[in-house]
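Structure first, commentary second.
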Amino acid sequence: MATDDLVLYTHPMSRGRIARWMLEEVGCPYRVELLGYGDTMKSDAFLALNPMGKVPTLVHRGAVVTEAAAICAYLAEAFPDAGLRPEDTPQARAAYLRWLFFAAGPLEAAVTAKSLGLLAPAERAQMVGYGSFEQAIDTLERAVGGAAPWITGARFTAADVYVGAQVIWGQMFKSIPERPVFLDYVERLQARPAWQRANALDDAAMPGKD
Ligand SMILES: N[C@@H](CCC(=O)N[C@@H](CS)C(=O)NCC(=O)O)C(=O)O
């Protein structure tokens, strides 16, 4: 059932897919507002919510959350019964925050820079957060490979939604090199009913599907 309490502003060809997946994991009713690139995304009404004019943007009872990683973390906190927060141990909490922030910062920057052919030269590695593309990918592989079976250990969390979405996207579009550890993680992630529901909903919302 749609509700005005929880509204996701998104586009099916965007990082909004991450937020949709997280909402499906949470299982709380939400409403979707589909925006268009370059038009409704840059309207005055939407810029008032997100001055970046970007999706995803979530509004929960008047609280605006932008940034896909923050949306995942916010929803895990706002709906604790969904069990998407890390276990209450220093190890699990550390892994949760560490890999969530790593994926939103250094990893995303490295993958985007590589795709654009704009990676920092090797002699500037000390200055950029991702060091080198290879260093960032090797670190991701160790994080995912050390997971049992999820990034913080036994419990699937919001960090798996965010890190996992990047790995799924990277394997699909070849922006992250194919490695057995990544392929296994993708298989586990895509077996989740919430991922499947979110994916089907966004596929159905693709332009030209109505
Ligand atoms: N850091 C943001 C990035 C959001 C972002 O760049 N979204 C793109 C779609 S994937 C967008 O809305 N682009 C529209 C525009 O910049 O006009 C996040 O992680 O949510």
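Residue numbering for the sequence shown follows this note's numbering, beginning at 1 and increasing consecutively.
Just so it is clear, CB atoms sit at the ideal spot from N, CA and C, and this is done for glycine as well.
In this text, all values refer to a predicted model and were calculated from it rather than measured experimentally.
By alpha-carbon positions, which one of the options ends up nearest to residue i?
| i | options | result |
| --- | --- | --- |
| residue 78 | 140, 61 and 201 | 61 |
| residue 22 | 206, 40 and 195 | 195 |
| residue 116 | 51, 175, 200 and 199 | 175 |
| residue 68 | 136, 9 and 139 | 9 |
| residue 188 | 44, 160 and 198 | 160 |
| residue 7 | 19, 14 and 13 | 19 |
| residue 170 | 137, 147 and 193 | 137 |
| residue 208 | 192, 36 and 3 | 36 |
| residue 59 | 44, 11, 3 and 193 | 3 |
| residue 193 | 25, 15 and 162 | 25 |
| residue 184 | 44, 168 and 66 | 168 |
Which of helix, strand or coil does DSSP assign to residue i?
| i | result |
| --- | --- |
| residue 58 | strand |
| residue 53 | coil |
| residue 178 | coil |
| residue 9 | strand |
| residue 164 | helix |
| residue 16 | helix |
| residue 63 | strand |
| residue 87 | coil |
| residue 119 | coil |
| residue 170 | helix |
| residue 100 | helix |
| residue 35 | coil |
| residue 153 | strand |
| residue 22 | helix |
| residue 42 | helix |
| residue 128 | coil |
| residue 106 | helix |
| residue 145 | helix |
| residue 3 | coil |
| residue 185 | helix |
| residue 133 | helix |
| residue 114 | helix |
| residue 194 | helix |
Give me the Cβ distance between residue i and residue j, rounded to the nearest whole Å; I'm assuming they're in contact under 8 Å.
| i | j | result |
| --- | --- | --- |
| residue 107 | residue 166 | 6 Å |
| residue 73 | residue 100 | 6 Å |
| residue 82 | residue 27 | 6 Å |
| residue 85 | residue 202 | In fact, because the Cβ distance is near 25 Å, the residues do not count as touching under 8 Å. |
| residue 98 | residue 141 | That belief does not hold up - the Cβ atoms of residue 98 and residue 141 are roughly 15 Å apart, past 8 Å. |
| residue 50 | residue 32 | Incorrect: roughly 16 Å between the Cβ atoms, too far for contact. |
Label residue i either buried or exposed according to how many other C-beta atoms from any shown protein chain fall within 10 Å of its C-beta, with 16 as the threshold for buried.
| i | result |
| --- | --- |
| residue 157 | buried |
| residue 5 | exposed |
| residue 124 | exposed |
| residue 173 | exposed |
| residue 75 | buried |
| residue 121 | exposed |
| residue 47 | exposed |
| residue 206 | exposed |
| residue 127 | exposed |
| residue 13 | exposed |
| residue 38 | exposed |
For chain C, check one thing: does any of its Cβ atoms lie closer than 8 Å to the Cβ of residue i?
| i | result |
| --- | --- |
| residue 95 | Annotation note: the requested chain C is absent from the structure, which comprises a single protein chain. |
Inspect the CB distances between the region 147-156 and the region 83-94 and report whether three or more fall short of 8 Å. Judged by Cβ distances under 8 Å, the region 147-156 makes contact with the region 83-94, as three or more pairs qualify.
Using 8 Å as the cut-off, can you tell me whether the region 129-146 makes contact with the region 52-70, which would need three or more C-beta pairs spanning the two stretches below that distance? With the cut-off at 8 Å, the region 129-146 and the region 52-70 do not touch.
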